[in-house]
Every structure is written in C-alpha cells, then in structure tokens.
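Residue numbers (this note's numbering), protein chains in the order written: chain A, 1 to 116; chain B, 1 to 113.
Shown next, in structure tokens, is the structure this report addresses.
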Amino acid sequence: DAGVIQSPRHEVTEMGQEVTLRCKPISGHDYLFWYRQTMMRGLELLIYFNNNVPIDDSGMPEDRFSAKMPNASFSTLKIQPSEPRDSAVYFCASSSGQGITNQPQHFGDGTRLSIL
Amino acid sequence: GNSVTQMEGPVTLSEEAFLTINCTYTATGYPSLFWYVQYPGEGLQLLLKATKADDKGSNKGFEATYRKETTSFHLEKGSVQVSDSAVYFCALTLGGGSYIPTFGRGTSLIVHP
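What follows is the structure, given as structure tokens:
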C-alpha cells in the first residue's frame with residue numbers, strides 16, 4: 001500500500017512568492033494533519049482535517065497560511081506571500097479514524113521549503 | 001493541557017551499548033502512548049505503541065512500558081547499532097472530542113561504531 005505522498009520534496013523560492021505544498025493521504029484514512037518542523041520550535045501541528053473538514057486550525061501561524069482538502073485523496077497547504085521565516089520542513093500525516101486514539105499517524109517524507 | 005517531556009539530546013553511544021531515552025507525560029485522562037523514529041531526510045514513522053497502563057510496546061529490539069503511576073514511557077534497547085542513529089519522538093493521543101496528538105521535542109541518538 002502506498003504511504004502518504006507529498007510534493008514537492010524540495011522548494012526554493014523568493015520572498016513574496018506563493019508556495020503550494022501538496023499531500024495525498026493513505027487511502028481510507030479519514031484524518032489528515034499538516035505539521036511544520038524547525039530546529040527552534042520542533043514539530044508543530046498547523047491544522048488537521050476529519051473527513052475533509054478542517055477541525056482545528058489554531059496552529060496556523062497567520063493569515064498568510066491556508067489549507068484545503070477538496071476531497072479525501074488530496075490536500076494543499078498554501079503560503080501567500082511567503083517570508084524567510086517560513087523556511088522549514090512541512091509534513092503531512094494521515095491516520096485512520098477507527099479507534100482514533102489508538103491509531104498511529106503515518107507521515108510523508110516532507111517538503112523542505114527554503115524562502116530566500 | 002497535555003504535554004510530553006523527553007530528555008535532551010543528543011545521546012551519544014557506542015555500538016552494542018544499552019539505550020534509555022526518558023519520556024514523561026501530563027494528560028487529563030488515559031492517553032495512548034507512542035514512540036516514533038525519524039531518520040535523516042524522512043518523515044516520522046511509528047516505532048511502537050501502548051494503549052493502556054502496564055502494556056509493553058516492542059519492535060526491532062526496542063521496548064517501552066506504559067507506567068501510569070510514574071506517567072512515563074521510557075524507550076529502551078539492549079544493544080544499539082549504528083543504523084539506530086535517528087531522532088526519537090515520544091507522543092500521546094487522547095480522545096474526547098478534539099483529537100490532537102501531542103509530541104515531545106525529540107531526542108537525537110548518535111551511535112558510533
């Protein structure tokens with residue numbers, strides 16, 4: 001079974017540009033999470049979805065960040081306009097809702113974002 | 001709120017040494033506990049889990065026991081290998097409406113030949 005697929009794996013762009021990160025969760029998983037990882041802050045939960053509906057976006061740092069999940073097999077995280085402090089590794093993860101507290105999260109390999 | 005505290009790293013060991021990475025938690029309720037491992041350039045992957053008190057999770061020679069009385073879930077391995085070098089994350093999940101997993105800061109393990 002394919003794991004969580006993220007694209008692109010690396011993104012380098014200039015400050016002010018729009019950045020779109022993409023995620024395909026594992027088929028059948030009904031929870032999807034977006035995380036950001038930096039040395040300073042560690043792993044931060046940005047937003048999560050249940051059955052394509054955003055449940056908690058309190059971790060989204062500011063209005064420049066937005067996330068969508070138009071269907072069960074695709075999600076995007078958009079930053080517009082991007083700033084150098086957004087440079088980080090962004091992870092998408094999915095999990096099954098059955099017995100949700102016992103279910104592990106399955107992570108993609110991340111997108112390494114560098115804003116110049 | 002809920003929290004997970006891990007020992008500061010990096011932990012540096014020689015091959016075949018005994019490993020312990022401490023993890024303690026604070027939670028309102030009865031969480032499920034997890035250890036994840038992150039190899040360079042990759043995402044986190046589940047190493048082991050335990051869902052109730054006194055459960056022992058184990059995988060690839062790693063073990064951790066869910067200790068409710070000490071609110072701990074320490075990771076152990078009897079003999080580490082160079083290939084175990086990675087960052088290890090302790091995490092918990094709780095039910096009750098808002099499902100938000102809580103991760104520790106991660107502990108880097110470096111194993112020398």
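C-beta: ideal position from N, C-alpha, C; glycine also.
Bridge-paired residues (DSSP) for residue i
i: arginine 112/A; result: His10/A, Val89/A
i: arginine 22/A; result: Ser7/A, Thr76/A
i: asparagine 59/B; result: Phe62/B
i: arginine 105/B; result: According to DSSP, which records beta bridges pairwise, arginine 105/B is partnered with nothing at all.
Where residue i meets chain A, residues with beta-carbon distance less than 7 Å
i: phenylalanine 103/B; result: Leu43
i: lysine 156/B; result: Beyond the ends of chain B as shown, which are 1 and 113, falls residue 156/B; an answer cannot be given.
Backbone secondary structure at residue i - three-state DSSP
i: asparagine 2/B; result: coil
i: valine 53/A; result: strand
i: asparagine 22/B; result: coil
i: serine 66/A; result: strand
i: serine 83/B; result: helix
Contact check, residue i vs residue j, beta carbons under 8 Å
i: serine 96/A; j: glycine 28/A; result: yes
i: proline 104/A; j: leucine 46/B; result: yes
i: serine 82/A; j: valine 19/A; result: yes
i: glycine 108/A; j: glycine 3/A; result: yes
i: valine 4/B; j: threonine 102/B; result: yes
i: alanine 158/A; j: threonine 38/A; result: A query on residue 158/A cannot be resolved here, the shown segment of chain A reaching from 1 to 116 and no further.
i: serine 58/B; j: threonine 24/B; result: no
i: lysine 68/B; j: alanine 53/B; result: yes
i: cysteine 90/B; j: glutamine 6/B; result: yes
i: threonine 115/B; j: lysine 56/B; result: Because residue 115/B is not part of the residues shown, which for chain B are 1 to 113, the question remains open.
i: tryptophan 35/B; j: leucine 48/B; result: yes
Beta-carbon neighbours of residue i, restricted to chain B and to distances below 7 Å
i: phenylalanine 91/A; result: Gly43
i: phenylalanine 107/A; result: Gly43, Leu44, Gln45
Per-residue contacts from residue i into chain B (C-beta, under 8 Å)
i: proline 54/A; result: Within chain B, no residue comes near proline 54/A; the closest Cβ sits about 13 Å away, beyond 8 Å.
Under 9 Å from the C-beta of residue i: neighbouring residues of chain B
i: glycine 110/A; result: Gly41, Glu42, Gly43
i: phenylalanine 74/A; result: Simply none; closest approach about 18 Å.
Taking 8 Å as the cut-off, does the stretch 28–40 of chain A touch the stretch 48–56 of chain A (at least 3 CB pairs, one atom from each stretch)? yes
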